[in-house]
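A quick write-up on the structure given underneath.
Residue numbers (the working numbering): 2 to 259.
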């Protein structure tokens, strides 16, 4: 049997809403929220244990299976009506299961030779898409400047599609990021500047630096770069979406290292 939450005013529902709304609250309590059966399955497969789980009465068989798996691990699980799930959800259509998870402890691979650095990428959807692509491309860690969207923003988590459970993430000022880039070539993506990306040597230990769409990379990122590259565009478009540009560069690394 699961404990049941019957009211939208329940403290757990209110706690979830605060976590969804505020990066400050997420940092202070050390928790974030992941919604949906797919993310719950990814968390389970990666060995992440939620603080607790909220699920809807009308959840399907896949959702029931993942909730039961967490219950067997001793995770507190709470049933709720669809109306209560709606109150706790960050989406217009609740996904049936919601995890409150601990923020991961700081960790960083000492021998990483393929990193992604995001500088001033403020759009949560772009950040999440970049994390998902980085996971797919075999990136070993992602660094984010302080003016990026919070990587545990619910929109970032949703767009990341499970990347958060596999990728080391570090969001910090540039002076704290630079030591993690020592010994690596640092390629900055900039529209129309530098050399075509296919001519760069991506076989060496490296970090790809991608700036935000509105203003590009900031001065600190430019100073950190050892080489500037661009993606040639034969069409008349002024620029690529930042997440698309990052994907092109990451999979060029994959291609060169085959």
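Note that the Cβ used here is the ideal one computed from N, Cα and C, for glycine as well.
Secondary structure of residue 182 (DSSP, three-state): helix. The beta-carbon distance between residue 230 and residue 198, rounded to whole angstroms, is 4 Å. This is short enough to meet the 8 Å contact definition. For residue 126 against residue 156, the beta-carbon gap comes to about 6 Å, under 8 Å, which counts as contact. Following the DSSP letters along the chain, one finds residue 61 in no beta strand (DSSP E), marked with neither H nor E.
Contact check between the stretch 102-113 and the stretch 209-216: fewer than three CB pairs, one atom from each, fall below 8 Å, which does not count as touching.
Judged by beta-carbon spacing, residue 83 lies within the 8 Å limit of residue 58, meaning their Cβ atoms are closer than that value. For a cut-off of 8 Å, the C-beta gap from residue 81 to residue 45 is around 20 Å, too long to register as a contact. The count of Cβ pairs closer than 8 Å, one atom from the stretch 156-167 and one from the stretch 128-146, reaches three, so the stretches are in contact.
Taking the Cβ atoms as the reference, residue 181 lies roughly 7 Å from residue 171, within the contact range of under 8 Å. Per the coordinates, the alpha-carbon of residue 187 lies some 42 Å from the alpha-carbon of residue 76. Collapsing the DSSP output to three states places residue 76 in coil. For residue 81, the pairing in a beta bridge is given by DSSP as 6 and 57. By the C-beta density criterion, residue 193 is exposed, having fewer than 16 other C-beta atoms within 10 angstroms. The beta carbon of residue 179 lies closer than 8 Å to those of 225 in the same chain, with the five residues before and after it left out. Looking at the backbone, the Cα of residue 61 and that of residue 134 are separated by about 28 Å. Closest in C-alpha terms to residue 66, from the list 19, 257, 52 and 98, comes 98. Taking the Cα positions, residue 16 is about 13 Å away from residue 85.
Counting only the Cα atoms, residue 137 lies some 27 Å from residue 94. Annotated as distal: residue 250 and residue 222, with beta-carbon spacing of 8 Å or more. Residue 252 and residue 19 have their C-alpha atoms spaced approximately 37 Å apart.
Burial check for residue 246: the Cβ neighbour count within 10 Å reaches 16 or more, so the residue is buried.
Listed in chain order, the beta strand (DSSP E) elements of length 3 or more contained wholly in the stretch 130-174 are 142-145 and 170-172. Secondary structure at residue 208: strand, using DSSP grouped into helix, strand and coil.
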